[in-house]
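Taking it in order: structure first as structure tokens, then the write-up.
There are 2 protein chains.
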Amino acid sequence: MKPTREVLLDALETLLLDGGSSAATLEAVAAAAGVSKGGLLYHFGSKEALYQGFLDRLLVESKAEADGTLAAPEGVVAAYLDVSSVAEDPSTRSVLAALRLAGVQEVDVEAALVESFEYWYEVISRRVTDPVLARLVQLVGDGLYLHALIGTATREQDDEVVARVVALVAEHERDAA
Amino acid sequence: MKPTREVLLDALETLLLDGGSSAATLEAVAAAAGVSKGGLLYHFGSKEALYQGFLDRLLVESKAEADGTLAAPEGVVAAYLDVSSVAEDPSTRSVLAALRLAGVQEVDVEAALVESFEYWYEVISRRVTDPVLARLVQLVGDGLYLHALIGTATREQDDEVVARVVALVAEHERDAA
DNA sequence: GTCTATAATCGGATAGAC
DNA sequence: GTCTATCCGATTATAGAC
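Protein sequence lines, in the order shown, are assigned to chains F and G.
So that you can map any letter, position 2 of the first sequence is 1 in numbering that gives the first Met the number 0, and since no number is skipped, the others follow by simple counting.
So that you can map any letter, position 149 of the second sequence is 148 in numbering that gives the first Met the number 0, and since no number is skipped, the others follow by simple counting.
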């Protein structure tokens with residue numbers, strides 16, 4: 000069975016996605032995780048500690064996901080763009096939840112997201128030698144994140160965009176060789 | 000002198016950008032605008048009304064901004080990507096503030112942002128005939144929005160990306176002719 | 001490790017004076 | 001059109017039992 004700490008962080012994530020930061024009260028998180036407020040406060044001594052725990056887990060997860068794409072058969076570019084556009088992907092869920100948390104005073108959400116995005120950029124750069132093209136790939140992916148955040152998915156069309164970007168990268172790498 | 004309503008909405012915007020939705024309490028907004036809580040509640044009868052007023056203004060502003068780019072000498076594509084990447088642009092500030100508001104229960108922030116993004120897409124489409132390419136332009140711009148939101152601006156490099164995208168569009172339009 | 005009860009504070013909203 | 005005073009509910013956090 001999952002440790003209570005993880006269950007609490009899962010509950011926080013779901014509440015953030017459903018109702019934003021104001022919905023993620025200690026009582027609501029505790030209830031969603033099936034424990035009492037006191038039970039939550041045993042694991043995370045304050046709201047700040049809870050939020051920080053969530054950001055720490057986010058970084059571990061997203062770096063692991065980024066590393067994983069290096070071995071992906073479809074390539075890093077397609078893998079990143081795919082991850083970014085699937086709102087149900089566990090790693091994407093965490094990022095979207097963190098975006099909903101952006102701006103709160105308790106923790107530095109932006110710093111955590113910056114670290115995650117920079118890590119992704121480095122991973123992309125290992126397969127896309129032209130830095131401008133690597134940045135373009137990242138920006139398209141992050142645009143997909145933003146659209147996932149507000150729920151505007153134009154799935155079929157976005158698949159075509161992804162294919163176009165992948166082709167663009169392949170073409171450029173061929174020219175460089 | 001600016002009407003109090005506008006001053007209040009400006010104050011809300013700044014507070015959202017600085018401290019997220021939880022920092023934008025009625026009292027804080029009123030204080031930042033230089034009026035009392037009671038004074039604010041005369042203009043906006045509830046927090047919901049205040050938020051809705053902000054979203055209404057956002058839509059008017061961003062549609063006007065989109066229309067304006069149709070006459071921009073550098074072209075719609077460059078203009079959109081430029082607007083998206085300059086966090087100080089008034090219209091961009093509104094969008095970034097709205098993103099910080101995403102997920103609150105009082106109003107449908109997502110719907111307003113969707114409407115704004117769709118309007119931009121239509122404007123872009125008037126100059127970029129290939130729908131896949133138009134969507135790509137939009138996604139790059141929205142990626143820039145997201146990076147402006149978390150404060151990762153790589154200005155010089157992003158300018159190069161913008162130039163690359165503009166060239167891509169120009170090339171495609173030439174081929175189509 | 002988890003619970004209940006409670007303290008202390010804060011936020012949204014109303015009423016009525018000026 | 002703006003202010004002060006006040007009420008009420010919600011939220012964070014503590015204390016201490018089990």
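Think of the CB as a built atom: it goes at the ideal place given N, C-alpha and C, for glycine as much as any other residue.
Bear in mind that the values here come from a model prediction, so they are computed numbers and not experimental data.
Inset, instruction - List the residues of chain F that Glu109 (chain G) touches, going by C-beta distances under 7 Å, in chain order. - result: One-based indexing of the second sequence puts residue 109 (chain G) at position 110. Ile149 and Gly150, listed in chain order.
Legend entry - Residue-chain proximity (Ala77 (chain F), chain G), Cβ-Cβ < 9 Å: Translated into the one-based positions of the first sequence, residue 77 (chain F) becomes position 78. By this cut-off, Ala77 (chain F) is not an interface position.
Legend entry - Local conformation of Pro2 (chain F) per DSSP, three classes: Here the question's residue 2 (chain F) lines up with position 3 in the first sequence. Note: Pro2 (chain F) maps to coil in three-state DSSP.
Inset, instruction - State the start and end residues of the unbroken alpha helix (DSSP H) segment that holds Glu117 (chain G). - result: For the purposes of this step, residue 117 (chain G) is taken as residue 118 along the second sequence, with counting starting at 1. Start and end: Val108 to Ser124.
Inset, instruction - Name the residue from F:Val108, F:Val160 and F:Leu16 whose alpha carbon lies nearest to the alpha carbon of Asp129 (chain G). - result: To locate residue 129 (chain G), count along the second sequence from 1; it is residue 130. It is F:Val160 whose Cα lies nearest to the Cα of Asp129 (chain G).
Inset, instruction - Inspect the beta-carbon positions of Leu25 (chain F) and Leu49 (chain F) and report whether they are closer than 9 Å. - result: As a first step, residue 25 (chain F) is located in the first sequence; it is residue number 26 there, counting from the start. As a first step, residue 49 (chain F) is located in the first sequence; it is residue number 50 there, counting from the start. Contact flag set, yes.
Legend entry - Whether Leu143 (chain F) touches Leu100 (chain F) by CB criterion (9 Å): As a first step, residue 143 (chain F) is located in the first sequence; it is residue number 144 there, counting from the start. As a first step, residue 100 (chain F) is located in the first sequence; it is residue number 101 there, counting from the start. Their beta carbons are not under 9 Å apart, which means Leu143 (chain F) does not touch Leu100 (chain F) by this criterion.
Inset, instruction - Compute the Euclidean distance between the alpha carbons of Leu95 (chain G) and Leu16 (chain G), then round it to the nearest angstrom. - result: Translated into positions along the second sequence, residue 95 (chain G) becomes position 96. Translated into positions along the second sequence, residue 16 (chain G) becomes position 17. The alpha-carbon atoms of Leu95 (chain G) and Leu16 (chain G) are separated by roughly 7 Å.
Legend entry - Proximal residues to Tyr120 (chain F) (C-beta, below 8 Å), its chain only, five neighbours per side dropped: By 1-based counting over the first sequence, the position of residue 120 (chain F) is 121. Ala133, Arg134 and Gln137.
Legend entry - Cβ of Gln51 (chain G) within 9 Å of any chain F Cβ: As a position in the second sequence, residue 51 (chain G) is number 52, starting the count at 1. No, its Cβ sits nowhere closer than 9 Å to a Cβ of chain F.
Legend entry - Of the residues F:Val131, F:Ser45, F:Ala32 and F:Leu57, the one placed nearest Val108 (chain F), counting alpha carbons only: Here residue 108 (chain F) corresponds to residue number 109 of the first sequence, with the count starting at 1. Ranking F:Val131, F:Ser45, F:Ala32 and F:Leu57 by Cα distance to Val108 (chain F) puts F:Leu57 first.
Inset, instruction - Enumerate, from N- to C-terminal direction, the unbroken alpha helix (DSSP H) stretches of 4 or more residues contained entirely within the segment 24 to 49 of chain F. - result: 25 to 32 and 36 to 42
Inset, instruction - Report yes or no: do three or more beta-carbon pairs, one from the segment 39 to 49 of chain F and one from the segment 1 to 13 of chain F, lie closer than 8 Å? - result: yes
Inset, instruction - Report the option in F:Gly102, F:Val6 and F:Thr153 whose CA atom is closest to the CA atom of Val85 (chain F). - result: By one-based count along the first sequence, residue 85 (chain F) stands at place 86. Of the listed residues, the one whose Cα sits closest to Val85 (chain F) is F:Thr153.
Inset, instruction - Kindly list, in the order they appear in chain F, the residues whose Cβ is closer than 7 Å to that of Glu159 (chain G). - result: Start at 1 with the first residue of the second sequence, and residue 159 (chain G) comes out as number 160. What Glu159 (chain G) touches in chain F: Val131.
Inset, instruction - With Thr128 (chain G) as the anchor, note down where its alpha helix (DSSP H) starts and where it stops. - result: Mapped onto the second sequence, residue 128 (chain G) falls at position 129. Neither: Thr128 (chain G) is in no alpha helix (DSSP H) and is coded neither H nor E.
Inset, instruction - Anything in chain G within Cβ reach of Ala22 (chain F), meaning under 9 Å, just list it in chain order. - result: Locating residue 22 (chain F) in the first sequence gives position 23, counting from the first residue. By Cβ distance, chain G contributes Gly102, Val103 and Gln104.
Inset, instruction - Measure the CB-CB distance between Ser20 (chain F) and Ser35 (chain G) and report whether it falls below 9 Å. - result: As a working note, residue 20 (chain F) is residue 21 in the first sequence. As a working note, residue 35 (chain G) is residue 36 in the second sequence. No; because the gap between Cβ atoms is not below 9 Å, this pair is not in contact.
Legend entry - Proximity below 9 Å, CB of Gln51 (chain G) to CB of Ala22 (chain F): Start at 1 with the first residue of the second sequence, and residue 51 (chain G) comes out as number 52. Start at 1 with the first residue of the first sequence, and residue 22 (chain F) comes out as number 23. Against a cut-off of 9 Å, the Cβ pair of Ala22 (chain F) and Gln51 (chain G) comes out as no contact.
Legend entry - C-beta neighbour in chain G for Arg134 (chain F), strict 9 Å: Sequence index remark: in the first sequence, residue 134 (chain F) carries index 135 (1-based). Chain G, which has a Cβ nearer than 9 Å to the Cβ of Arg134 (chain F), makes this yes.
Inset, instruction - Anything in chain F within Cβ reach of Leu112 (chain G), meaning under 7 Å, just list it in chain order. - result: Sequence index remark: in the second sequence, residue 112 (chain G) carries index 113 (1-based). The answer, in chain order, is Ile149.
Inset, instruction - Quick one: grab the DSSP three-state call for Gln104 (chain G). - result: The sequence position of residue 104 (chain G) within the second sequence is 105, counting from 1. In this structure, Gln104 (chain G) counts as coil in the three-state DSSP scheme.
Legend entry - Same chain, Cβ closer than 8 Å to Asp66 (chain F), five either side skipped, listed in chain order: Within the first sequence, residue 66 (chain F) is the residue found at index 67, counting from 1. If we look at Asp66 (chain F) and ignore the five residues flanking it on each side, its Cβ neighbours are Val122.
Legend entry - Nearest candidate by alpha-carbon position, reference Ser124 (chain F), set F:Val76, F:Val113 and F:Gly18: Taking the first residue of the first sequence as position 1, residue 124 (chain F) is located at position 125. Ranking the options by Cα distance to Ser124 (chain F), first place goes to F:Val76.
Inset, instruction - Please go through the same chain and pick out, in chain order, the residues whose beta-carbon is closer than 7 Å to the beta-carbon of Thr91 (chain G), but skip the five residues on each side of it. - result: In the second sequence, residue 91 (chain G) corresponds to position 92, counting from 1. So the qualifying residues of the chain are Val82, Ser83, Val85 and Ala147.
Inset, instruction - Consult DSSP for Gly19 (chain G) and reduce its assignment to one of helix, strand or coil. - result: Here residue 19 (chain G) refers to the residue found at position 20 of the second sequence. Helix, per DSSP.
Legend entry - Backbone secondary structure at Leu145 (chain F) - three-state DSSP: Counting from 1 along the first sequence, the entry for residue 145 (chain F) is found at position 146. Residue state, collapsed to three classes: helix.
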